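Working notes, structure below.
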Amino acid sequence: MNNSFERAGTSSHVASPQAKSAITLYGLPWSIFALVAAVLLAAVYLDVLPAGLIGSLMVMMVLGEILGFIGDRLPIVRSYLGGGVILAIFGAAAIVYLELLPKPVISDISTFMKAGEFLNFYIVALIAGSILGMDSKALVKIGMRYFVPIIGATVGAIVLAIIVGAALGFTVQDAVLVIALPIMGGGMGAGAIPMSQVYEQLLGQPASYYISLLVPALALGNVFSIVLASVLARVADAFPRLSGQGQIMQGVSIEEKTQKLDLGKMGIGMMIAAAFYIAGEVLGAFIPLHPYALMIILVAVAKIANLVPTLVTDASSQWLSFVAKNLTLAQLFGIGIAYTDLQTVIDALSFTYVAIVLAVVLGAALGAGLVGKMVGFYPIESSITAGLCMANMGGTGDVAVLSAAKRMNLMPFAQISSRLGGAFILLLSGLLVTVFV
Numbered sequence: 301m302n303n304s305f306e307r308a309g310t311s312s313h314v315a316s317p318q319a320k321s322a323i324t325l326y327g328l329p330w331s332i333f334a335l336v337a338a339v340l341l342a343a344v345y346l347d348v349l350p351a352g353l354i355g356s357l358m359v360m361m362v363l364g365e366i367l368g369f370i371g372d373r374l375p376i377v378r379s380y381l382g383g384g385v386i387l388a389i390f391g392a393a394a395i396v397y398l399e400l401l402p403k404p405v406i407s408d409i410s411t412f413m414k415a416g417e418f419l420n421f422y423i424v425a426l427i428a429g430s431i432l433g434m435d436s437k438a439l440v441k442i443g444m445r446y447f448v449p450i451i452g453a454t455v456g457a458i459v460l461a462i463i464v465g466a467a468l469g470f471t472v473q474d475a476v477l478v479i480a481l482p483i484m485g486g487g488m489g490a491g492a493i494p495m496s497q498v499y500e501q502l503l504g505q506p507a508s509y510y511i512s513l514l515v516p517a518l519a520l521g522n523v524f525s526i527v528l529a530s531v532l533a534r535v536a537d538a539f540p541r542l543s544g545q546g547q548i549m550q551g552v553s554i555e556e557k558t559q560k561l562d563l564g565k566m567g568i569g570m571m572i573a574a575a576f577y578i579a580g581e582v583l584g585a586f587i588p589l590h591p592y593a594l595m596i597i598l599v600a601v602a603k604i605a606n607l608v609p610t611l612v613t614d615a616s617s618q619w620l621s622f623v624a625k626n627l628t629l630a631q632l633f634g635i636g637i638a639y640t641d642l643q644t645v646i647d648a649l650s651f652t653y654v655a656i657v658l659a660v661v662l663g664a665a666l667g668a669g670l671v672g673k674m675v676g677f678y679p680i681e682s683s684i685t686a687g688l689c690m691a692n693m694g695g696t697g698d699v700a701v702l703s704a705a706k707r708m709n710l711m712p713f714a715q716i717s718s719r720l721g722g723a724f725i726l727l728l729s730g731l732l733v734t735v736f737v
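Note that the sequence shown covers residues 301 to 737 in the working numbering.
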């Protein structure tokens with residue numbers, strides 16, 4: 301499978317053979333895109349923007365594309381900080397912080413992303429398309445050993461947190477319980493919130509008190525994970541032996557076959573992705589696992605057992621390609637609006653705190669890479685999926701990290717890290733609290 305999905309408007313700026321220097325955004329000549337943006341901004345500031353799908357998605361697509369276009373051209377940002385990915389997220393967060401968009405528009409986008417399930421809509425397309433596009437034998441070979449680098453990432457994160465924390469005057473308890481475990485715990489909903497409830501039961505303070513301690517670690521850890529993903533992509537280019545260029549395991553090729561584009565198949569792929577996700581929700585009524593985790597299991601079992609016809613696998617792959625190409629920057633902009641609190645990140649910017657958070661993220665990447673290599677994974681891909689996708693903020697972080705690394709096809713493994721790995725961290729936090737107290 302190709303190790304990156306081209307983002308609309310950022311991969312090529314050739315309008316035609318006669319106009320090779322023409323600039324395009326979202327595949328359009330810049331003049332037409334500018335006209336579209338002008339219409340949108342007029343609607344926003346005249347307070348006539350439609351609420352819901354049309355208005356919210358339009359703002360996300362247009363402003364996300366603009367920020368992505370700029371970020372992919374800023375020298376340092378482009379090379380080392382994630383380029384358009386990081387700017388789409390944190391540019392959107394800055395728009396909220398500086399109140400550059402009307403509050404009703406920000407509220408509509410947040411509702412669209414959360415209650416409107418647009419984030420889930422995006423992620424389930426990547427999960428279904430990626431797994432169904434794999435060879436079933438490769439899927440079995442990878443899945444049986446994937447938890448080994450997750451454990452390596454956890455050990456690496458905790459060890460480096462303790463070492464750096466001790467050097468800077470942090471207690472082992474604070475370095476592990478307040479910083480390392482929240483970062484590795486799978487985000488807010490599946491990590492920090494239940495973790496704060498565990499701490500409340502075992503340590504005595506209210507859950508809200510612990511959340512205020514945990515959130516800065518999550519936010520800053522997410523930033524470092526995105527940046528390091530971009531750096532690892534550069535390392536992979538410089539040292540190709542360390543990377544499968546989007547393939548996760550040595551000796552296992554997960555190739556996407558060339559298909560003729562079919563609009564009908566894309567619709568089938570959309571339906572199949574939604575059906576698997578809803579099936580995960582149904583199972584979630586009986587099994588205490590996140591719907592993403594259950595969806596991954598269902599899709600993997602269906603693929604391994606050869607229960608899915610070629611029509612469905614082809615359709616799912618085409619839908620994945622469509623969503624990744626056309627909606628990635630819009631999704632990242634929405635993540636910046638709805639899930640990224642810039643004030644929280646700013647409040648956490650003390651040297652000691654930043655150093656320990658960085659140590660956790662580096663430890664996760666190093667641990668996953670080293671241990672992953674021992675069991676046959678490529679170190680770069682193992683570091684990104686089993687390491688950085690443990691250290692980010694769950695589903696939103698997975699999208700950002702894999703976008704920065706140009707490896708969106710690895711979303712199923714990222715979700716295993718975030719969901720099942722997050723559940724492992726939650727269990728570990730309960731055990732370690734009893735050790736430290």
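Even for Gly, the Cβ is constructed at its ideal location relative to N, Cα and C. Model, not experiment: these values are computed from the prediction.
- Message: On a Cα-Cα basis, can you pick out the residue from Asp537, Ile526, Gly465 that is closest to Ile656?
- Response: Gly465
- Task: Mind reading off the beta-carbon distance from Gly672 to Phe418? Whole number of angstroms is fine, and I expect it under 8 Å.
- Result: That pair is no contact at about 32 Å.
- Task: Between the Cα of Trp619 and those of Ile684, Gly569, Val396, spot the shortest distance and give me the residue it belongs to.
- Result: Gly569
- Among the residues of its own chain, which have a CB less than 8 Å from the CB of Ile505, if the five just before and after it don't count? It should be noted that the sequence gives Gln, not Ile, for residue 505. Residues of the same chain with a CB within less than 8 Å of the CB of Gln505, apart from the 5 flanking positions on each side, are Tyr499 in chain order.
- Task: Could you spell out the range, first to last residue, of the alpha helix (DSSP H) harbouring Val718?
- Result: According to the sequence displayed, residue 718 carries Ser and not Val. Counting along the chain, Ser718 falls outside any alpha helix (DSSP H), and DSSP gives it neither H nor E.
- Item | Supposed close pair Ala573, Met360 - CB separation, criterion 8 Å | So it is not a contact: roughly 20 Å between Cβ atoms.
- Item | Whole-angstrom C-beta distance between Gly452 and Ile725, which should lie under 8 Å | Between Ile725 and Gly452 a beta carbon distance of about 14 Å is seen, past the 8 Å cut, so the two are scored as non-contacting.
- With a 10 Å radius around its C-beta and 16 neighbouring C-beta atoms as the bar for buried, classify Phe369 as buried or exposed. buried
- Task: Please specify which runs of the alpha helix (DSSP H), each continuous and at least 4 residues long, are wholly inside the region 513-565, giving them in chain order.
- Result: none
- Message: Using the three-state DSSP reduction, which class does Pro506 fall into: helix, strand or coil?
- Response: coil
- Task: Could you pull out every residue in the same chain whose Cβ sits closer than 6 Å to the Cβ of Phe622, ignoring the five residues on either side in sequence?
- Result: Met566
- Using 8 Å as the Cβ pair cut-off and three pairs as the minimum, do the region 587-603 and the region 453-464 touch? no
- Task: With a 10 Å radius around its C-beta and 16 neighbouring C-beta atoms as the bar for buried, classify Glu581 as buried or exposed.
- Result: exposed
- Task: Indicate whether the contact test is met: 3 or more Cβ pairs, each with one atom in the region 387-407 and one in the region 659-670, closer than 8 Å.
- Result: no
- So, is Glu399 buried or exposed, given that buried needs 16 or more other C-beta atoms within 10 angstroms? exposed
- Message: Can you tell me whether Val735 is buried or exposed? The criterion is at least 16 other CB atoms within 10 Å of its CB, across all chains shown.
- Response: exposed
- Item | Extent of the continuous alpha helix (DSSP H) to which Pro350 belongs | Where Pro350 is concerned, there is no enclosing alpha helix (DSSP H), given that its DSSP letter is neither H nor E.
- Message: Suppose you measure from the CA of Ile578 to the CA of Asn420; what does that come to, to the nearest Å?
- Response: Each residue's CA atom was taken as its position, placing Ile578 and Asn420 some 11 Å apart.
- Message: Within a Cβ cutoff of 7 Å, which residues of the same chain sit near Leu594, ignoring the five residues on either side of it in sequence?
- Response: Gly580, Leu583, Gly584, Ile587
- Query: Taking Cβ positions, are Leu710 and Thr685 nearer each other than 8 Å?
  - Reply: Going by C-beta atoms, Leu710 is nearer than 8 Å to Thr685.
- Item | Where Phe470 sits in the DSSP three-state scheme | coil
- Task: Confirm, please, whether the CB-CB distance from Ser616 to Leu432 is below 8 Å.
- Result: In this structure, Ser616 lies closer than 8 Å to Leu432 by Cβ.
- Can you tell me which of the three DSSP states Thr640 falls into? DSSP, reduced to helix, strand and coil, places Thr640 outside both helices and strands of the structure shown, so it counts as coil.
- Return the chain-ordered list of same chain residues with a C-beta closer than 6 Å to the C-beta of Phe363, the five sequence neighbours on each side being excluded. Contrary to the premise, residue 363 reads as Leu rather than Phe in this sequence. Closer than 6 Å at the Cβ level, and outside the excluded window around Leu363, lie Phe633.
- First and last residue of the uninterrupted alpha helix (DSSP H) at Asp408: 403-413
- Query: Which residues does DSSP pair with Phe677 in a beta bridge?
  - Reply: In the DSSP secondary-structure assignment, Phe677 is bridged to Met549.
- Looking only at its own chain, which residues have a Cβ that is under 8 Å from the Cβ of Gln550, when we skip the five neighbours before and after it? Gly544, Gly676, Phe677, Tyr678
- Item | Cβ-Cβ separation, Glu365 to Tyr326 (assumed contact under 8 Å), whole Å | 5 Å
- According to DSSP, residues forming a beta bridge with Leu325: Leu328
- Item | Span separating the alpha-carbon of Thr411 from that of Gly695 | 17 Å
- Please confirm whether Ile548 and Glu681 have their CB atoms less than 8 Å apart. yes
- Give the straight-line distance between the Cα atoms of Leu561 and Gly697, rounded to the nearest whole angstrom. Taking the straight line from one Cα to the other gives about 30 Å.
- For Pro449, three-class secondary structure by DSSP: helix
- Message: Suppose you measure from the CA of Leu367 to the CA of Ala392; what does that come to, to the nearest Å?
- Response: 8 Å
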